[in-house]
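Enquirer: Can you keep this structure in mind? I'll have questions shortly.
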Amino acid sequence: MSREGRCACEARTGGDQAGCRCRPSAGCPRPVVNPAGLPALSYRLGDFASFRRAMLHPRAGERELAAWQPGAAGDFATQVVDWWAYVAEVLDFYSERIANSSYLRTAELPEHVNRLVSLLGHRPRPAIGATGVLAALAGRPGPVALPAGFAVLSKAVPGIDPQTYELGAAVTFAEPTSVPAPLTGDTAAGDGGPPPGAPPGAAEPPAQGRLLVRGGVLVKGRPSAVAVGDRLLLLPRDWAPKKNSGAAVVTVTALLQERDPHRRVNTRVVLSGTSGVPATAEAAGYRLLRHTSVHHLATMPAGAPVIGKPAGTPGPDQWKLVLDGTARALRAGEPLLVDTPDKGATMLRLDTYEEVVWIANGTAADPPAPPGAGTPPIPLVVARLTVTSDGTDPSAVYGSSNPALTVRSAWSPVGALLDTPVAALAAAPAAVTLAAAPAAAPGRPRPALLEDARGNGAAVVATPESGSSRVALGPVGAAGTGAQAGGTLVPPLRLLWDLFPVSRGATVPAEVVGVGDAGLAEQDFVLQRSPVTYLPGGSRSGEGYSSTVELAVDGVRWTEVPMLYGRGPGERVFVTREDEQGRTHVMTGDGVHGARLRTGAVVTATYRVGAGAAVPPAGSLTQIRTPVDNLVAVRNPVPPGGGCDADPPDRVRVDGPRSVLTFGRAVSGDDYEAVAARAPGVTRAAATWSWDPLQQRALVRVFVGDDDAALASARAALRAAADPNRPLTVLPAVRRAVRLRLGLRLDPAYEADPVLSRLRSALLDPPGGLFAPGVLGLGEVLYRSRIEECCTVPGVLAVHGLRLRTAHGTAGSAGPAGGTRFAPGEGAFFDLAADRLTVKAEEDR
């Protein structure tokens, strides 16, 4: 037999493989054929049976075994053949394993992949520690001094062990902004801001900006002068009698008490009759009024015209009303409400007021004429009002004389109207109002953290406005101020100003790692604890990251460098590397490239341990491990970011050759993508040469997922490697929220709930779920067959009715919602949340 796959029975076929009717199991060797692009090499020639048969059949020209056959009772010579067939199969199996481990695409074990890329000079990226920003809260006036190494421990949460974060350099807050102010006891609802007794930094976001919410208006406090059934005026502050003035005669249908985010009690006055109020009306532009005085029209003499046109040259909408007495509390310009039980209400504006004498027993005229001779007149002092309507003729509605007509006046506010506070925010607001003017300098932007009632928040740039307690909020970088992890901010909010940076890792101080030996070149020391923390930036250990290892030889610090090549014989430098068990090695020079260690010199290493992509959620990094005077708490409304796990083999296979092609600079689109992808904390990146609508020119657009820290890391890496003459923009990946609907036919032999649970896990759960975070690439087209492949779990017989739509109801950018191809678009990826996955299952019958 041979590698060319010649048949073992070629003596009968004349070496013609096509004429052989045997199968490999019958002794014929397997042909070795490996087309390009396979994930594994096929390198085996046969198995025990084929090797044994090949040795029992003579080759062409062999005479010694031509006439030999085993005896009837067996022949011990066949045992020797069996031994060699067994050895041949073992050797053949390991030959295939060795062949697969010799190629980058087919190597399976991480150590094999790392050894292969090391020939290219590529160092697989180790696990990188996350970085974050915390806020300090002081207990009293006075400075807060945080020393270098100040440590904070996270609380244990499901799936994430407690993690330690430390401060790199000392930070002092001379005048902390978080010092509590003296309590005033004022818990009344304020106008646009938190109460004076709120915690320092308490912030009020802008209200909804709508007057009518949930069927009524919000009145400050508990108004006592209003009851269900009262007829009120909802009047614009600039009201004038005209059509579509926005005024409304309303009736109270309910009184509901509500608490705002600061627990202050206000009253929702539910109203009917608000159809004429614009939807854009705001509380600041309206008043809710109740009358305090009631008047009636004159009824004597009977039939006298008390409603009609005034004397002289009145305006087109001016009318007169004659009351049955004086009403000297009336003021020109105030509204009047005239109504009858059967004909509704009309709103008028008082223009003029005059008092006249009427004859109660006179003629039915205006003014009444005295009675005839012999009858003494009965004088009455009445008020004649000139009013303006909105175009309605009161005499046509109520008649010229109507004893049932009531005139309501002397309106007083029910209470201050408030805009309804927001219950949740999808992103940080454009501005907030504090209880008092902030201690920060006005007009000067300053980084801050915005925390909500649940401990979540967003990073912002806060700019205090001069002379007020209002603070404008802006985005940090290009990622905006959206709430973390696609969540919402729930008031009350708190603006935190006293910030300090922290990074992952617990310090291991002054570990003795060995003793120098001048007779050894490139002495290698293994650190006892792992994983050693590497942090983004610096490039002391590799491209875009540096270790936290500080090496000291007899108390003298040595410097870490990426490689020893090019270093002088006297330079005190060292390099770090990871072995196949994940332990970190520290290696010094050989006296040619880097200095050798002196014999007997004590070598110590101070470093930090702890790294990886998993980070504590917002609000959990709060346990102080290093006591500090006047520090009572720390807050982290924004979770740390920028950490990542060590490069898996699949990524090393791609990044290793790419790193050789880039040579530390970005020219082609693939170079930009490779540089961005290798930045610490970046899990996926995509680069395109396309038209930018904002800059109105073609440029390189690099999209990076999935957080602000990854975006900043990619920008820093590209700034160092990109061509400065080529336009470049780095953008966050576009999250394309989708809805997936599936119809399944289930095997009745299986319970439905476990089957559906496995299906959801195959689609959503990390690390391998199709829609799990980081699985789909940026711009990756998704085919129907790939979704259906995830549905091939035990118990599912068929998939039908598969439809993928964006969360806004449209299909993917290519193909209909029920088609076979779905494209998220440039720099985008599909995001499927559990509540947007709908599965309808039917049992097969």
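Counting from 1, position 215 in the sequence shown corresponds to residue 215 in UniProt numbering; the numbering is continuous, with no gaps.
By construction, the Cβ of each residue, glycine as well, lies at the ideal position given by its N, Cα and C atoms.
Can you tell me which of 578, 418 and 704 puts its alpha carbon nearest to the alpha carbon of residue 207?
Expert: 418
Enquirer: In chain order, what residues of the same chain lie with their CB nearer than 7 Å to the CB of residue 223, ignoring the 5 residues before and after it?
Expert: Answer for residue 223: 267, 414 and 415, listed in chain order.
Enquirer: Taking 8 Å as the limit between beta carbons, can you name the residues of its chain near residue 184, skipping five residues before and five after?
Expert: The predicted model places residue 184 with a pLDDT of 48, which falls under 50 and marks its position as unreliable, so this point remains unresolved.
Enquirer: On the DSSP letters alone, give me the boundaries of the beta strand (DSSP E) that residue 344 sits inside.
Expert: Residue 344 -> beta strand (DSSP E) spans 344-359.
Enquirer: Report the partner residues of residue 854 according to the DSSP bridge assignment.
Expert: In the structure as shown, the chain begins at 1 and stops at 845. Residue 854 is therefore absent and cannot be evaluated.
Enquirer: Work out the CA separation of residue 488 and residue 693 for me, nearest whole Å.
Expert: 30 Å
Enquirer: Where does residue 696 fall in DSSP's three states?
Expert: Reduced to three states, the DSSP call for residue 696 is coil.
Enquirer: Roughly how many whole angstroms lie between the Cα atoms of residue 722 and residue 834?
Expert: Their Cα atoms are separated by approximately 40 Å.
Enquirer: Whose CA, out of 338, 309, 88 and 256, lies closest to the CA of residue 398?
Expert: 338
Enquirer: Assuming residue 770 contacts residue 829 (C-beta within less than 8 Å), just tell me the rounded distance between them.
Expert: Actually they are not in contact, since the Cβ atoms of residue 770 and residue 829 sit about 12 Å apart, beyond 8 Å.
Enquirer: By DSSP, does residue 236 sit in helix, in strand, or in coil?
Expert: Reduced to three states, the DSSP call for residue 236 is strand.
Enquirer: Per the contact definition of three or more C-beta pairs closer than 8 Å, is the stretch 324-332 in contact with the stretch 348-365?
Expert: With the cut-off at 8 Å, the stretch 348-365 and the stretch 324-332 touch.
Enquirer: So, for residue 298: in the same chain, excluding its five sequence neighbours on each side, which residues have a beta-carbon less than 6 Å away from its beta-carbon?
Expert: Correct list, in chain order: 306, 322, 324 and 382.
Enquirer: Can you give me the C-alpha to C-alpha distance between residue 38 and residue 780, rounded to a whole angstrom?
Expert: 21 Å
Enquirer: Can you check whether the CB of residue 219 is closer than 8 Å to the CB of residue 288?
Expert: yes
Enquirer: Say the cut is 7 Å; is the CB of residue 69 nearer than that to a heavy atom of the ligand GDP?
Expert: You won't find the ligand GDP in this model; it holds no ligand whatsoever.
Enquirer: If residue 234 sits next to residue 250, beta carbons under 8 Å apart, how far is it from one beta carbon to the other, in whole angstroms?
Expert: 5 Å
Enquirer: Hey, how far is the Cα of residue 698 from the Cα of residue 724?
Expert: 15 Å
Enquirer: Hey, which unbroken runs of the alpha helix (DSSP H) at 4 residues or more fall wholly within the stretch 497-584?
Expert: Runs found: none.
Enquirer: So, helix, strand or coil for residue 650, using DSSP?
Expert: Note: residue 650 maps to helix in three-state DSSP.
Enquirer: Could you check where the alpha helix (DSSP H) with residue 112 kicks off and where it finishes?
Expert: Start and end: 110-118.
Enquirer: Helix, strand or coil for residue 78? Go by DSSP, reduced to three states.
Expert: helix
Enquirer: Suppose the cutoff is 8 Å on Cβ atoms and the five residues either side in sequence are ignored; what does the same chain contact list for residue 443 look like?
Expert: Residues of the same chain with a CB within less than 8 Å of the CB of residue 443, apart from the 5 flanking positions on each side, are 463, 464, 465 and 466 in chain order.
Enquirer: Report yes or no: do the stretch 530-539 and the stretch 611-618 share at least 3 C-beta pairs separated by less than 8 Å?
Expert: yes
Enquirer: Find out if the Cβ-Cβ distance for the pair residue 536, residue 499 is shorter than 8 Å.
Expert: no
Enquirer: What is the rounded straight-line gap between the Cα of residue 257 and the Cα of residue 212?
Expert: 16 Å
Enquirer: Would you tell me roughly how many angstroms separate the C-alpha atoms of residue 546 and residue 540, rounded to the nearest one?
Expert: 5 Å
Enquirer: Which residue's Cα is closest to the Cα of residue 52: 78, 41 and 59?
Expert: 78
Enquirer: Hey, residue 796 and residue 744: beta-carbon distance below 8 Å or not?
Expert: Contact: yes.
Enquirer: Residue 143 and residue 173 look like a contact to me (Cβ under 8 Å); what is the Cβ gap, rounded to whole Å?
Expert: 6 Å
Enquirer: Identify, in the order they occur along the chain, each residue of the same chain with its Cβ nearer than 8 Å to the Cβ of residue 188, setting aside the five sequence neighbours on each side.
Expert: Unreliable positioning characterises residue 188 in this predicted model, as indicated by a pLDDT of 42, which lies under 50. A coordinate reading is not provided.
Enquirer: Buried or exposed: which applies to residue 548, given that a residue is buried once 16 or more other Cβ atoms fall within 10 Å of its Cβ?
Expert: buried
Enquirer: If we ignore side chains and look at the alpha-carbon of each, how far apart do residue 461 and residue 670 end up?
Expert: 34 Å
Enquirer: I think residue 642 touches residue 131, with their Cβ atoms under 8 Å apart; what is that distance to the nearest whole Å?
Expert: Sure, about 5 Å apart at Cβ, within 8 Å.
Enquirer: Do residue 202 and residue 439 count as a contact pair if the criterion is CB distance below 8 Å?
Expert: No, the pair does not count as a contact, with Cβ atoms beyond the cut-off.
Enquirer: Since residue 292 sits in a beta bridge, which residues does DSSP pair it with?
Expert: Answer is none; residue 292 lacks a bridge partner.
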